[in-house]
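The structure under discussion appears below in the form of structure tokens.
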Ligand SMILES: C[S@@+](CC[C@H](N)C(=O)[O-])C[C@H]1O[C@@H](n2cnc3c(N)ncnc32)[C@H](O)[C@@H]1O
């Protein structure tokens, strides 16, 4: 049970007073040249770290639901882990990339003798780092490829967990809509006292028993998926997005009988029906086009074209018919009804018609 006296004690204190109670300095400035997503300077501790009051909104409820382990993925100075372990006497895990922050967390933890907290210094998105087992994952930060890597790890877990989310920039909750079939928003959301992009903490629950996991597993060994295969998925475009950092896949689009291909590299999204390709820079929507997926053929001329498209090489070319282009990039590769290339100057030629290529440095 979470003791009411403890809850009342925290409620009666300001954030600064609870920091003092945990002997914690909520350092926000870290002197280093670094990537800005780590918020190393110019951000206040109020913006960077979640307040105890806000954590109190959700922690007792989660404990009541049966949650025992709390994992803060990108834990900063570790406030949430300190509070969880102190309140519940249960295990907490904090993962943090910035050594100065986790050192501060460790020192506070030692001073309060909270031996059930495990601190991990490192990158939670790194492929070589397994996600620790936990009943709860707390996210207040993540965007882009790091978020995708984290979601892929949470998705692989075989036991259900809660995912507690505070919106950081306005793109996190919309991103999670793509995952709703396995990461289901619960009916519970909790109001935040701190000023945040969205005034609610949303709690999600994973569904590792969802039958679509078997479908996705069975697809992993395939060399391609037809539109009717993808249509079996509750979120086909979401599935395509999972391929968005992989070099060996491409999307095949059937547009009024013509089939062309698009790299999954750099794939982005606007809304639940539309993905934005980078190579070529086109939008495709599930309702309008027939979309399939295939592994990029490894042999022959096609592999060469697709590598050049991905590397955005500059060319000049000449066809047997005397058509020429200067300093162009490969835009579209068309595979049916004819094998054709479309260049950035808008010209389209059949593969077999190309007489001469010159790659420009
Ligand atoms: C906005 S702060 C939130 C801190 C804490 N979760 C809280 O709510 O108080 C995000 C933290 O995540 C850390 N972080 C960002 N990317 C990370 C990564 N890939 N691996 C580990 N930590 C990361 C940052 O250094 C920063 O301390």
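Residue numbers (this note's numbering): 12 to 372.
Backbone N, C-alpha and C fix where the C-beta goes; we use that ideal spot for every residue, glycine too.
What you are looking at is a predicted structure, and each value in this text was computed from that prediction instead of being measured.
With the cut-off set at 8 Å, would you say residue i and residue j are in Cβ contact?
i	j	result
residue 156	residue 256	yes
residue 148	residue 61	no
residue 346	residue 353	no
residue 278	residue 252	yes
residue 178	residue 208	yes
residue 342	residue 327	no
residue 161	residue 136	yes
residue 201	residue 41	no
residue 139	residue 80	no
Quick one: is residue i buried, meaning 16 or more other Cβ sit within 10 Å of its Cβ, or exposed?
i	result
residue 102	buried
residue 85	buried
residue 23	exposed
residue 368	exposed
residue 213	buried
residue 348	exposed
residue 30	buried
residue 12	exposed
residue 306	exposed
residue 310	exposed
Taking 7 Å as the line, does the beta carbon of residue i fall inside it for any heavy atom of ligand 2?
i	result
residue 61	Absence of ligand 2 is noted for the structure shown, with ligand 1 being the only ligands found.
Have a look at the DSSP bridge pairing and note the partners of residue i.
i	result
residue 265	270 and 301
residue 235	305
residue 354	341
Within the continuous beta strand (DSSP E) that includes residue i, where are the two ends?
i	result
residue 38	No beta strand (DSSP E) contains residue 38, which DSSP labels as neither H nor E.
residue 200	194-202
residue 105	103-107
residue 215	211-217
In terms of residue numbering, what span does the alpha helix (DSSP H) encompassing residue i cover?
i	result
residue 250	247-252
residue 74	63-76
residue 56	56-59
residue 86	Segment: none, residue 86 is in no alpha helix (DSSP H) and carries neither H nor E.
residue 51	Here residue 51 belongs to no alpha helix (DSSP H), and DSSP marks it neither H nor E.
residue 187	183-188
So with Cβ pairs under 8 Å, would you call residue i a contact of chain B?
i	result
residue 206	The structure shown contains no chain B, having only a single protein chain.
Practice task
State whether the stretch 300-312 contacts the stretch 257-268, with contact taken as three or more CB pairs (one from each stretch) at a distance under 8 Å.
Solution key: yes
Problem - Three-pair Cβ contact test at 8 Å for the stretch 186-200 versus the stretch 77-92 - result: Contact between the stretch 186-200 and the stretch 77-92 is absent, because fewer than three Cβ pairs lie under 8 Å.
Practice task
Decide yes or no for the touch test of the stretch 193-213 against the stretch 158-175: beta carbon pairs closer than 8 Å, at least 3 of them.
Solution key: yes
Practice task
Examine the Cβ distances between the stretch 309-316 and the stretch 282-289 and report whether three or more of them are shorter than 8 Å.
Solution key: The stretch 309-316 vs the stretch 282-289: no contact.
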